[in-house]
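Peer 1: Sequential numbering from 61 applies to the sequence shown in this note's numbering. Yeah, the Cβ is synthetic: ideal placement off N, Cα and C, and Gly gets one too. Keep in mind the model is a prediction, meaning the values are calculated, not measured.
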Amino acid sequence: MKRLLIVSNRLPVTVERRKGDLVFKGSVGGVATGLGSYHETHESLWVGWADVAAGRLDEEEREHIRTRLRDEHQCVPVFLTADDVRDYYHGFSNKTLWPLLHQFTQFAEFDSSTWAAYKRANRKFRDAVLEIARPDDTIWVQDYQLMLLPQMLREKLPKASIGFFLHIPFPVFEVFRMLPWRSELLEGLLGADLIGFHTYDYVRYFLGASRRILGTEDHFGRVSFGDRLLLADAFPMGIDFERYAEGAHSEQAAHEAERITQRTRDRKVILSIDRLDYTKGIPHRLRAFAAFLERHPEWRDKVTLVAVAVPSRTRVRHYRDLKSEVDQLVGSINGQYSTIDWTPIRYLYRPLPFHTLLGMYAAADVALVTPLRDGMNLIAKEYVAAHAGRDGVLVLSEMAGAARELGEAVQVNPFDLDGMVEAIHTALTMPEDEQCKRNESMVRRLSRYTVQRWAEDFLGKLEEVKVAQIDFGATPLDSETRKELVRAFAAAKNRLLLLDYDGTLMPFSTRAEEMAPDREVLELLEALGSDESTDVVVISGRDRKTVDDWLGHLPVDLVAEHGVWIHDRSGEWVTIEPMSDEWKEPVRPVLDMFTDRTPGSFVEEKDYSLVWNHRRAHPRLAETRVTELKEALDNVVAEEDLAVTEGNRVVEVRLAGVNKARAAYRWMAQDDVDFLLFVGDDRTDEDVFEMAPEDSWTIKVGVGPTHAAHSVRSVRDVRELLKAMTEADAK
Ligand code: GDG
Numbered sequence: 061m062k063r064l065l066i067v068s069n070r071l072p073v074t075v076e077r078r079k080g081d082l083v084f085k086g087s088v089g090g091v092a093t094g095l096g097s098y099h100e101t102h103e104s105l106w107v108g109w110a111d112v113a114a115g116r117l118d119e120e121e122r123e124h125i126r127t128r129l130r131d132e133h134q135c136v137p138v139f140l141t142a143d144d145v146r147d148y149y150h151g152f153s154n155k156t157l158w159p160l161l162h163q164f165t166q167f168a169e170f171d172s173s174t175w176a177a178y179k180r181a182n183r184k185f186r187d188a189v190l191e192i193a194r195p196d197d198t199i200w201v202q203d204y205q206l207m208l209l210p211q212m213l214r215e216k217l218p219k220a221s222i223g224f225f226l227h228i229p230f231p232v233f234e235v236f237r238m239l240p241w242r243s244e245l246l247e248g249l250l251g252a253d254l255i256g257f258h259t260y261d262y263v264r265y266f267l268g269a270s271r272r273i274l275g276t277e278d279h280f281g282r283v284s285f286g287d288r289l290l291l292a293d294a295f296p297m298g299i300d301f302e303r304y305a306e307g308a309h310s311e312q313a314a315h316e317a318e319r320i321t322q323r324t325r326d327r328k329v330i331l332s333i334d335r336l337d338y339t340k341g342i343p344h345r346l347r348a349f350a351a352f353l354e355r356h357p358e359w360r361d362k363v364t365l366v367a368v369a370v371p372s373r374t375r376v377r378h379y380r381d382l383k384s385e386v387d388q389l390v391g392s393i394n395g396q397y398s399t400i401d402w403t404p405i406r407y408l409y410r411p412l413p414f415h416t417l418l419g420m421y422a423a424a425d426v427a428l429v430t431p432l433r434d435g436m437n438l439i440a441k442e443y444v445a446a447h448a449g450r451d452g453v454l455v456l457s458e459m460a461g462a463a464r465e466l467g468e469a470v471q472v473n474p475f476d477l478d479g480m481v482e483a484i485h486t487a488l489t490m491p492e493d494e495q496c497k498r499n500e501s502m503v504r505r506l507s508r509y510t511v512q513r514w515a516e517d518f519l520g521k522l523e524e525v526k527v528a529q530i531d532f533g534a535t536p537l538d539s540e541t542r543k544e545l546v547r548a549f550a551a552a553k554n555r556l557l558l559l560d561y562d563g564t565l566m567p568f569s570t571r572a573e574e575m576a577p578d579r580e581v582l583e584l585l586e587a588l589g590s591d592e593s594t595d596v597v598v599i600s601g602r603d604r605k606t607v608d609d610w611l612g613h614l615p616v617d618l619v620a621e622h623g624v625w626i627h628d629r630s631g632e633w634v635t636i637e638p639m640s641d642e643w644k645e646p647v648r649p650v651l652d653m654f655t656d657r658t659p660g661s662f663v664e665e666k667d668y669s670l671v672w673n674h675r676r677a678h679p680r681l682a683e684t685r686v687t688e689l690k691e692a693l694d695n696v697v698a699e700e701d702l703a704v705t706e707g708n709r710v711v712e713v714r715l716a717g718v719n720k721a722r723a724a725y726r727w728m729a730q731d732d733v734d735f736l737l738f739v740g741d742d743r744t745d746e747d748v749f750e751m752a753p754e755d756s757w758t759i760k761v762g763v764g765p766t767h768a769a770h771s772v773r774s775v776r777d778v779r780e781l782l783k784a785m786t787e788a789d790a791k
């Protein structure tokens, strides 16, 4: 059976030394809670740190921990020293990555010694995984503490299925670029086959950073990096829905809720609960609550804010400062508004047992979840689940990943004090039936996309990527194969070279007119085409006039408009068959409309095709528009028998059945050809790759799924290959 190895900084079980004994207990936190449920119900092993300093353990204790964790919890411990914990965990992870990735740049420290510790610790995790990994295991690495691990594992297990999920936000480029070790971190992540984020925005930021920092290429989330294909995608983490929906009705939770209602004397209860972290916006929330009491005196004595702050990272200074700030704020607000009978804020600074947490969810009329920035935020989802089928209002920050899915919550910008006051008021005065209605829609979504589904979805996608990688690609043309090709060319008597133009002979430029052939290309074509035994055909998607102007004087044959027009050295331009262009009428207005909506795009008209070119448009916008455009064209396409193809930054519409392959066939069909080479770079070339006979040479420029047998990285490689061919011929 295929095993899953989950790897995270912290195990879902922590070990504590109490009066000389080792005590095992569950960990608090988003990753442990969320994935914990999946782990319990599946065949998986979890590798991570058990929260106990290794220096204080003798070998016998370590063995005891190993055995118990393995037998009772399917966990494998990584032993970290006190120095590791200080520098890798409290240091680089929590003083550098955590603030930076949450865009708290003012808190981010850049220290090369903690960076060294981070690398060292990631290697420890790698070694722990390597010790137990079997070849067909799936390895799923979690979160920001282990961003180097995917690549470290890839080096040792080149074929393994490796997934990575980032539980916190990925920041915009301007912030990520601040990190002195940004390339190494990205390379670390790119060792994975699938990189998951909570929201599509984070995916975009990540792809943008990789493009700009490492020069990766991506298309619909498929990333090509070197000779590897991987995928980045959004998987909004869900919760173990039943655990909260049913749990809220359990006897213990109901008892707890009852107690809270009694203690707050039937006042409205607003719940605020998070780890005490500066990203969670606790001071902003407290100030908003105070402003609410100030501006709405009618609510004094009628509402209680239950504020739970779970201690976290107390060894980091900013967390201790935050603790003082919160203590002080709570004190001053309570000092100002309390009466003998009423304390506006009930403040708890400690972790709660699970049933108490559930009781609090159940008792709260309003949950105030207003982080300044949060990868997802599971508390928001858990609260809604606990209110399935009943009233209760979620006030949710727009800055939490969860806001994308919980559109029916009262959404608020946590930096906007007036908006926050307004939101609290809206929540407290919302009619009950509206509360129920809003919850119903959210509950429907949360009960479908549970943490189970989230994990299955991620792992399913990971398998898909592995399959795609098999088809992906074309083996890179190594030097041995290249020599073989050149030898075959030199030995052949009747050679046929079919060469695409844009992106194959000439590199892309954002200005189409700048792509006229340079001297090197002209000389290469001249040299190859002058040889009697070589037929050179340049197959372009461009209009025939441009192709003629640029290449018409050379001893080569030409194909324009992806196969509509053909020109051999003996004659005129002819169409491959009699053609009509009446179909353009219904298509043109559709393309014009998309041009108006997409700044930087334009329509090119050729004799028998219409092209929507978005080379100068914003790539992300264009990506969305391409999908919409294809949908919009669906009807006309069927009626007029047209083909819509996507090329490099273009969408082209032309009559079905006219393509490069059909044109190329004219030359390929000659039966005395004993060397055939076709080089192309985009989807319009795939028909030719597919049709080319087994014994021909097919080369794709760039990476990506293809029917070509080989690939080269760039136009430069193509030119060098052609040059080597002319030189071999000259010998
Ligand atoms: C990170 C990201 C992302 C909290 N206090 C107690 C307690 N909890 C449980 C909650 C919830 C979890 O811990 C907290 O999850 P969050 O999502 O709110 O926050 P982080 O710990 O910061 O988690 C976050 C998450 O990873 C998952 O990807 O959503 O954005 O920052 O499940 O119920 N549980 C108990 N007592 C407590 O006092 N028993």
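(1) Please indicate yes or no: does the CB of N499 lie closer than 8 Å to some heavy atom of ligand 2?
(2) Could you check whether the Cβ of T857 sits closer than 8 Å to any heavy atom belonging to ligand 1?
(3) Where does I255 land, buried or exposed, given buried means 16+ other C-beta within 10 angstroms?
(4) What does P664 pair with, by DSSP beta-bridge criteria?
(5) Identify the residues that DSSP records as bridge partners of I400: which are they?
(6) Which same chain residues end up closer than 8 Å to D203 when comparing Cβ atoms and leaving out the 5 residues on each side of it in sequence?
(7) Alpha carbon to alpha carbon, how far is W106 from H99?
(8) Which stretch, first to last residue, makes up the alpha helix (DSSP H) that contains A692?
(9) Check whether the stretch 377 to 392 touches the stretch 273 to 281, counting contact only when three or more Cβ pairs, one atom from each stretch, lie closer than 8 Å.
(10) Tell me L557's beta-bridge partners as DSSP assigns them.
(11) Tell me which residues share the same chain as K219 and place their Cβ nearer than 7 Å to its Cβ, disregarding the 5 neighbours each side in the sequence.
(12) Where do the ends of the alpha helix (DSSP H) carrying H315 lie?
(13) Can you determine whether any heavy atom of ligand 1 sits closer than 8 Å to the C-beta of E119, and answer yes or no?
(14) Just mark E468 as buried or exposed, buried being the case when its beta carbon has 16 or more other beta carbons within 10 Å.
(15) Measure the alpha-carbon distance for E318 versus V426 and round it to whole angstroms.
(16) Output the residue ranges of the beta strand (DSSP E) runs that lie fully inside the stretch 610 to 642 and measure 3 residues or longer, sorted by chain position.
(17) Measure the C-alpha to C-alpha separation of G707 and K179 and round it to an integer number of angstroms.
(18) Could you give the distance in angstroms between the alpha-carbon of L117 and the alpha-carbon of K184?
(19) Per DSSP, what kind of secondary structure is W241 in: helix, strand or coil?
(20) Per DSSP, what are the beta-bridge partners of L417 in this structure?
(21) Closest by CA to R450, which one among A142, H162, H622, Y421?
(22) For L456, which three-state DSSP category applies?
(23) Using 10 angstroms around the beta-carbon of N499, count the other beta-carbons present and answer buried if the total reaches 16, otherwise exposed.
(24) Quick one: does the C-beta of R335 sit closer than 8 Å to a heavy atom of ligand 1?
(25) Return the residue from the list Y509, R508, V481, L584 that minimises the CA-CA distance to E787.
(26) Using 8 Å as the threshold, is the stretch 320 to 327 in touch with the stretch 283 to 301, meaning 3 or more CB pairs across them?
(27) So within the stretch 423 to 452, which uninterrupted beta strand (DSSP E) runs reach at least 3 residues, ignoring any that extend past its ends?
(28) Could you tell me which whole beta strand (DSSP E) segments of length 3 or greater appear in the stretch 495 to 559?
(29) Exposed or buried, P72, counting other C-beta atoms within 10 Å across all chains shown (16 or more means buried)?
(30) W672 and E699 - do their beta-carbons sit closer together than 9 Å?
(31) Whose C-beta lies closer than 6 Å to the C-beta of Y148 among residues of the same chain, with five residues either side of it excluded?
(32) Within the same chain, show all residues whose beta-carbon is closer than 7 Å to that of D734, passing over the 5 residues directly before and after it, in chain order.
(33) Counting beta carbon pairs with one atom in the stretch 514 to 528 and one in the stretch 555 to 565, are three or more of them shorter than 8 Å?
(34) What residue does the alpha helix (DSSP H) around D656 start on, and which one ends it?
(35) May I ask whether a heavy atom of ligand 1 can be found less than 8 Å away from the beta carbon of M207?
(36) R259 by DSSP, collapsed to three states: which one?
Peer 2: Per the coordinate set shown:
(1) With respect to small molecules bound, the structure shown includes ligand 1 and not ligand 2.
(2) This structure cannot speak to residue 857, because the chain is shown only from 61 to 791.
(3) So I255 ends up on the buried side.
(4) What sits at residue 664 in the sequence shown is Glu, not Pro. Answer is V671, bridged to E664.
(5) Residue pairing by DSSP places I400 opposite no residue, since no beta bridge is assigned to it.
(6) Result list for D203: S68, N69, V91, F225, L226, H227, I228, in chain order.
(7) Roughly 8 Å between the two C-alpha positions.
(8) Where A692 is concerned, the enclosing alpha helix (DSSP H) stretches over 679 to 700.
(9) Touching, no.
(10) Beta-bridge annotation (DSSP): L557 is paired with V596, L737.
(11) Closer than 7 Å at Cβ, skipping near neighbours: no residue.
(12) In the DSSP annotation of this structure, the continuous segment of the alpha helix (DSSP H) that includes H315 starts and ends at 311 to 323.
(13) No - ligand 1 has no heavy atom lying nearer than 8 Å to the Cβ of E119.
(14) With 16 or more other Cβ atoms within 10 Å, it is buried.
(15) Each residue's alpha carbon lies about 16 Å from the other.
(16) Assignment of beta strand (DSSP E) within the stretch 610 to 642, counting only whole runs of 3 or more residues, yields 617 to 620, 625 to 627, 633 to 635 in chain order.
(17) Taking the straight line from one Cα to the other gives about 42 Å.
(18) Approximately 17 Å between the Cα atoms of the pair.
(19) W241 falls in the coil class under three-state DSSP.
(20) Under DSSP, L417 takes part in no beta bridge, so it has no partner.
(21) Out of A142, H162, H622, Y421, Y421 has the C-alpha closest to the C-alpha of R450.
(22) Assignment of L456 by DSSP, reduced to helix, strand and coil, places it in the strand class.
(23) Buried.
(24) Yes - ligand 1 has a heavy atom lying nearer than 8 Å to the Cβ of R335.
(25) The candidate whose alpha carbon is nearest that of E787 is L584.
(26) With the cut-off at 8 Å, the stretch 320 to 327 and the stretch 283 to 301 do not touch.
(27) Restricted to the stretch 423 to 452, the beta strand (DSSP E) segments that are unbroken, complete and at least 3 residues in length are 426 to 429, listed in chain order.
(28) For secondary structure counted as the beta strand (DSSP E) over 3 or more consecutive residues, the stretch 495 to 559 holds no complete run.
(29) Counting every other CB atom within 10 Å of its CB across the protein chains shown gives P72 a total of 16 or more, marking it as buried.
(30) No, the pair does not count as a contact, with Cβ atoms beyond the cut-off.
(31) The beta carbon of Y148 is closer than 6 Å to those of A177, Y178, A181 in its chain, skipping five residues each way along the sequence.
(32) When the five nearest sequence neighbours on each side are left out, the beta carbons in the same chain lying within less than 7 Å of the beta carbon of D734 are those of A552, K553, N554, in order along the chain.
(33) The stretch 555 to 565 makes no contact with the stretch 514 to 528, as fewer than three CB pairs between them are under 8 Å.
(34) DSSP places D656 in the uninterrupted alpha helix (DSSP H) bounded by 644 to 657.
(35) Shortest gap from the CB of M207 to any heavy atom of ligand 1: 8 Å or more.
(36) Position check: residue 259 holds Thr in this sequence, whereas Arg was assumed. Three-state result, T259: coil.
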